[in-house]
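Residue numbers (my numbering): 343 to 780. Input: a single structure, listed below in structure tokens.
In structure tokens, the structure reads:
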């Protein structure tokens, strides 16, 4: 049976048993084309999907899932979720009431190009890179695409489905000049295959990695920092979202607990999550509980306005649900962002300092509970308003909340980075940070 039929079958059974139940079914299709040495090395296509059930019995919540859609498998998964709920000791769980959410296609024909065109995109990206004599090794060149369909329903009236996806060009290579070697990567994402341009992606890689060749050691000191969009998005996705999750606040892990309505960042800093962006890679019409999507301003001109909530955290904290419920068919209820971004500003005029182009080792060097970070980085030394030379072998360190308060300018152009969720940022100027180098 189809995922919609499986959802309806389970809900009918749950109602007959007098159970409160929620059904989330997802189906994902992935295509990956790997090019190397002027030929397509590998093409893989995979699909994965399943049905997850959440049952609430007297405030106790149980989960179960299956990847089969036979009546026997569906009967089992409902019984298993029910039994798991009865085994729990914690109460307070509930299913929010809802209504019809409709069927939404957020992808359209974006990925409908012939396979041969996608193969050629990967080959063209590699060929353009290899044409530059500074490229010593192309480690990986890839085209990939992902398409996901989600179907949701509950005995509380929720019913809806949507489809979304994206295409990706990605490369990793080593450039060299004399004795200087630099490894880098570059990517481009879009919901429309035809907007990807292998030549543009290659040129972006050659520029961003090539400018770091001949890097010099950086002298230890305190400098003004200019975070490029990719680098700041990495830090924001790792640190910022953790602090804003109401789940972490309730567990006593967030430094922002009790600070709603207070100033926590520079007055020029505004942070937004918007699942309704027409071209957003993480856009969705509703969350994993059926709460309708809406734009949420977390930090407005430096003031913390709200945390990210699902229905359970909103009830516990006595506030409005922001619609950030998230789970896979295999998982339990959590909280996740969609299209999270820093609102662009008036622009950055560089004078002197360090342009941070990339951050490394975030999972080891950034502690979102304490807010402290000490990260290896690559960058450019700025003198007299101009880039003087590239720098390497240094770390940048500080406290994330202090960094937010020291922001003095924001760039005017937004760039998206998928490395720590879908996070958008302009260039971010920070008055002063500690840099440890030679």
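Heads up, the beta-carbon is just placed ideally off N, CA and C, and yes, glycines get one too.
DSSP three-state assignment for residue 709, whether helix, strand or coil: Three-state result, residue 709: coil.
Inter-stretch contact (C-beta, 8 angstroms, three-pair minimum) for the stretch 499-506 and the stretch 435-449: Pairwise C-beta distances place the stretch 499-506 in contact with the stretch 435-449, as three or more of them are shorter than 8 angstroms.
The stretch 390-405 / the stretch 365-372 touching (three or more Cβ pairs under 8 angstroms): The stretch 390-405 and the stretch 365-372 touch, with no fewer than 3 CB-CB distances between them shorter than 8 angstroms.
When 483, 705, 497 and 682 are compared against residue 541, the one with the closest alpha-carbon: Of the candidates 483, 705, 497 and 682, the one whose C-alpha sits nearest the C-alpha of residue 541 is 483.
Cβ neighbours of residue 333 in the same chain (closer than 8 angstroms, five flanking residues each side left out): Any answer about residue 333 is impossible in this case: the structure gives the chain only from 343 up to 780.
heavy atom of the ligand NAD below 7 angstroms from residue 778 C-beta: Summarising the ligand content, the structure contains no ligands, and the ligand NAD is consequently not present.
First and last residue of the uninterrupted beta strand (DSSP E) at residue 694: Looking at the DSSP string, residue 694 is not in any beta strand (DSSP E), and its letter there is neither H nor E.
Beta-carbon gap between residue 404 and residue 425 smaller than 8 angstroms: In this structure, residue 425 lies closer than 8 angstroms to residue 404 by Cβ.
Beta-carbon proximity of residue 708 to residue 754, cut-off 8 angstroms: In this structure, the beta-carbon distance from residue 708 to residue 754 does not fall below 8 angstroms.
Length of the line joining the Cα atoms of residue 618 and residue 518: Between residue 618 and residue 518, the C-alpha separation is close to 43 angstroms.
First and last residue of the uninterrupted beta strand (DSSP E) at residue 515: In the DSSP assignment, residue 515 falls within the beta strand (DSSP E) that extends over 501-519.
Residue burial classification, residue 587 (beta-carbon count within 10 angstroms, cutoff 16): Taking a 10 Å sphere around the C-beta of residue 587, we find 16 or more other C-beta atoms and assign the residue as buried.
Other residues of its chain near residue 714: CB distance less than 6 angstroms, five sequence neighbours each side excluded: Same-chain partners within the cutoff: 741.
Sufficient close CB pairs (3 or more, under 8 angstroms) joining the stretch 646-665 to the stretch 691-704: Touching, no.
Closest by C-alpha distance to residue 668, when choosing among 635, 690 and 646: Ranking 635, 690 and 646 by Cα distance to residue 668 puts 635 first.
Residues that residue 446 bridges to, as DSSP identifies them: Listed as beta-bridge partners of residue 446 by DSSP are 504.
Straight-line Cα distance separating residue 553 from residue 733: Distance between residue 733 and residue 553, taken at the CA atoms: about 10 angstroms.
8 angstroms Cβ cutoff met for residue 363 and residue 397: It is a contact, given that the beta carbons lie within the stated cut-off.
Proximity of residue 627 and residue 446 at Cβ, strictly below 8 angstroms: Taking 8 angstroms as the Cβ cut-off, residue 627 and residue 446 qualify as a contacting pair.
Cβ contact (3+ pairs, closer than 8 angstroms) linking the stretch 491-499 and the stretch 568-575: Output reads no: the stretch 568-575 does not touch the stretch 491-499.
Close-in-space but distant-in-sequence residues of the same chain around residue 506 (CB under 7 angstroms, 5 per side omitted): Cβ neighbours of residue 506 beyond the five flanking positions: 448, 449, 490, 625 and 626.
For residue 325: DSSP bridge partner residues: Any property of residue 325 remains undetermined from this structure, which presents the chain solely from 343 to 780.
Beta-carbon contacts of residue 464 that lie in its chain and below 6 angstroms, excluding the five residues immediately before and after: Within the same chain, and ignoring the five residues on either side of residue 464 in sequence, the residues whose Cβ sits closer than 6 angstroms to its Cβ are 375, 377, 483 and 485.
Spatial neighbours of residue 672 in its chain, beta-carbon cut-off 8 angstroms, leaving aside the 5 residues before and after: For residue 672, where only same-chain residues beyond five positions count, the Cβ hits under 8 angstroms are 392, 394 and 407.
Three-state class that DSSP yields for residue 495 in the structure shown: Taken through DSSP and simplified to helix, strand or coil, residue 495 comes out as strand.
C-alpha gap between residue 386 and residue 646, whole angstroms: About 45 angstroms.
Within 8 angstroms, strictly: CB atoms of residue 621 and residue 638: With a cutoff of 8 angstroms on beta-carbon distance, residue 621 and residue 638 are scored as not near each other.
Length of the line joining the Cα atoms of residue 474 and residue 508: So the two alpha carbons sit approximately 29 angstroms from each other.
Bridge partners - residue 371, DSSP secondary structure assignment: In DSSP, residue 371 forms a bridge with 389 and 489.
Residue 395 - partner residues in DSSP beta bridges: BP columns for residue 395 point to 365 and 406.
Bridge-paired residues (DSSP) for residue 749: DSSP lists 772 as the beta-bridge partner residues of residue 749.
Below-8 angstroms beta-carbon distance, residue 471 vs any chain B residue: Chain labels in this structure do not include chain B; a single protein chain is all it has.
For residue 703, the three-state DSSP class (helix, strand or coil): In the structure shown, the three-state DSSP call for residue 703 is coil.
Minimum C-alpha distance to residue 532 - residue among 451, 630, 728 and 479: Closest option to residue 532, Cα to Cα, is 451.
Buried or exposed (CB count within 10 angstroms, at least 16 for buried), residue 565: Buried is the call here.
Continuous alpha helix (DSSP H) assignments of at least 4 residues falling wholly in the stretch 553-598: Qualifying alpha helix (DSSP H) stretches, in chain order: 571-577, 583-586 and 588-592.
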